[in-house]
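Data first, discussion second: the structure below is written as structure tokens.
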Amino acid sequence: MSRVRNNSLDRRSQLQKRSQLLQSLRAFFYERDVLEVDTPMLSAGATPDLHLRSLSSRVQIPGIKEAQTLYWHTSPEYPMKRLLCEGSGDIFYLGKVFRDGDLSPRHQVEFTMLEWYRLGFTLQQLIDEVCELINSILPTPRKIQQLSYRQAFAELAGIEDIFQADAQSCIECLQRYGVPEIVGVDADDKPLWEQLVLTEVIEPQLGQGVISVLCDFPARDAALARINPQDAKFAERFEVFVDAMELANGYRELTDARLYRQRFEANLLQRSQFGLSPVPLDEKLLQALEKYSLPDCSGVALGVDRLLMLQQGFTDIEQGLSFGLHDA
110 MSRVRNNSLD RRSQLQKRSQ LLQSLRAFFY ERDVLEVDTP MLSAGATPDL HLRSLSSRVQ
170 IPGIKEAQTL YWHTSPEYPM KRLLCEGSGD IFYLGKVFRD GDLSPRHQVE FTMLEWYRLG
230 FTLQQLIDEV CELINSILPT PRKIQQLSYR QAFAELAGIE DIFQADAQSC IECLQRYGVP
290 EIVGVDADDK PLWEQLVLTE VIEPQLGQGV ISVLCDFPAR DAALARINPQ DAKFAERFEV
350 FVDAMELANG YRELTDARLY RQRFEANLLQ RSQFGLSPVP LDEKLLQALE KYSLPDCSGV
410 ALGVDRLLML QQGFTDIEQG LSFGLHDA
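In terms of my numbering, the sequence shown is residues 110 to 437.
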């Protein structure tokens, strides 16, 4: 059943606001000589990330007897990195991506992502550019609050050094902040209790009247980010929050092809341990990394529909869409 839209929101005005945002985003990068690229939405490989679920389709390809399973991209990251390996230079993508199992006032299965890569940028340079872009879109520019992961736990959750704290410290923090009792979690599973403190206690306090940048994540959360060469406990990764909503996730990009394969295979092992089906790795990406190597760069993905929500004061992501999943 289709959701009833806000009758006070004129349909054409709604479409214009979205169109103007897309124009503004493209203008931001055109002014900086960043090339817009188009990437395939379907791929023979899928992301092995434990927390991302890829949609798939059976495709009948002429000359091949059996229909092939292809995966809808959760991000344009893999083909964009192949382009970077082949000498594209600075690039951005603005378009649709797909993630199964995501549907809420802040999530859609099909949504619009802005992703870009800057050659030679340090992580801080990319953070500064992300904040500049966001402030160019928000109705009123905001100050920047930059916190390390450790600092956020100390200042916003009262855990002085999260890297030395135990699971019980996290459990007691959740109790102090009135988080309802969580059952089914091993009492000694420190990483999971730590994640719960992050999502239930810290994230709701981020981006309140400011743009909050959370950086210096634990190395275990590196995904495809580099490990900090000065301190191997940390990953060169950041997340950006506005009004307690995660808006962007960026890395100083891993360039070692061998480590890509290692991390992908570790993700597949995690999937198996959690009872999830295996997915085929993107061998074309791995081959490109081995053949050409990824240039030194930093990259980030930003949720465009969430940015429109913040700009317009919407409370539901569907208010800014031409058609949401309920209208499909």
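Ideal Cβ placement from N, Cα and C applies to all residues, glycine included.
For residue 192, there is no enclosing beta strand (DSSP E); the enclosing alpha helix (DSSP H) covers residues 186-194. Going by beta carbons, residue 357 and residue 239 fall inside the 8 Å limit. With respect to the C-alpha of residue 334, the residue from 325, 352, 327 and 345 having the closest C-alpha is 345. The C-beta distance from residue 186 to residue 224 rounds to 7 Å, short enough to fall under 8 Å. Around the beta carbon of residue 173, fewer than 16 other beta carbons sit within 10 angstroms, so the residue counts as exposed. In this structure the stretch 211-223 touches the stretch 408-423; the number of beta carbon pairs closer than 8 Å is three or more. When Cβ pairs closer than 8 Å are counted between the two stretches, the stretch 365-377 is seen not to touch the stretch 161-177, the count staying below three. Following the DSSP letters along the chain, one finds residue 236 inside the alpha helix (DSSP H) bounded by residues 232-246.
Taken atom to atom, the span from the alpha-carbon of residue 235 to that of residue 293 is near 39 Å. In its chain, beyond the 5 residues on either side, 402, 403 and 405 have a beta carbon closer than 7 Å to the beta carbon of residue 364.
Within the same chain, and ignoring the five residues on either side of residue 301 in sequence, the residues whose Cβ sits closer than 7 Å to its Cβ are 294. Check the Cα spacing between residue 227 and each of 282, 338, 160 and 142: the tightest is with 142.
Of all C-beta pairs linking the stretch 146-164 to the stretch 127-137, fewer than three are shorter than 8 Å, placing the two stretches out of contact. Nearest neighbour of residue 281 by Cα position, chosen from 266, 273, 272 and 270, turns out to be 266.
DSSP, reduced to helix, strand and coil, places residue 337 outside both helices and strands of the structure shown, so it counts as coil. Buried is the label assigned to residue 182, since at least 16 other Cβ atoms lie within 10 Å of its Cβ. Contact annotation: residue 146 and residue 197 have beta-carbon atoms nearer than 8 Å. Under the rule that a run must span 3 or more residues, the beta strand (DSSP E) segments found entirely inside the stretch 343-400 read 343-351 and 354-361. 407 is the residue among 437, 419 and 407 whose C-alpha sits nearest the C-alpha of residue 201. If you look at residue 227, you'll find it in the beta strand (DSSP E) that goes 219-228. Cβ-Cβ separation between residue 319 and residue 252: approximately 5 Å, consistent with a contact (criterion under 8 Å).
Contact between the stretch 302-311 and the stretch 275-290 is present, with at least three C-beta pairs closer than 8 Å. In the three-state reduction of the DSSP assignment, residue 214 falls in the coil class, being assigned neither a helical nor a strand state. Collapsing the DSSP output to three states places residue 207 in a strand. Here the alpha carbons of residue 325 and residue 254 stand approximately 14 Å from one another. Per DSSP, the continuous alpha helix (DSSP H) segment holding residue 123 begins and ends at 120-139. Sequence-distant Cβ neighbours of residue 352 in its own chain, meaning closer than 8 Å and more than five residues away, are 316, 317 and 419.
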